[in-house]
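Below: the structure, in structure tokens.
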Amino acid sequence: MNIDYAEDWPFCPTEEQMLKQHAHLVAEENRLLRDEVDRYRKHVTKLIDMHNDAALERDKLRIKLRDADNRISDLLRDACDRPTP
């Protein structure tokens with residue numbers, strides 16, 4: 020038996036079979052990567068929504084804080100304007 024030629028070995032795939040297998044592996048890896056990208060896109064979308072919700076809540080709280088600061092200023096001004104007994 021001559022071992023210099025692998026194509027003579029039993030169960031040795033042909034070049035065409037190896038190319039088909041390689042194409043199949045590349046296609047499967049492509050599918051897996053596309054699924055992963057889709058999952059990451061969903062995560063990014065969720066993070067953007069969470070950021071928008073947090074920004075809206077922040078803006079509402081800023082308005083409430085400004086109103087509270089104005090109320091405190093008004094009360095302090097009224098307290099200073101009252102005559103002392």
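Counted the way our numbering counts, the sequence shown spans residues 20 to 104.
We treat Cβ as the ideally placed atom computed from N, Cα and C, and that holds for glycine.
What separation, rounded to the nearest whole angstrom, lies between the Cα atoms of residue i and residue j?
i: S92; j: E76; result: 24 Å
i: D78; j: R85; result: 11 Å
i: V63; j: N71; result: 12 Å
i: A46; j: R53; result: 10 Å
i: K83; j: L51; result: 48 Å
i: N49; j: R81; result: 47 Å
What do you reckon, are the CB atoms on residue i and residue j nearer than 9 Å?
i: Q40; j: P29; result: no
Does residue i get closer than 9 Å to chain D when you measure Cβ to Cβ?
i: Q36; result: Any reference to chain D falls outside this structure, which holds one protein chain only.
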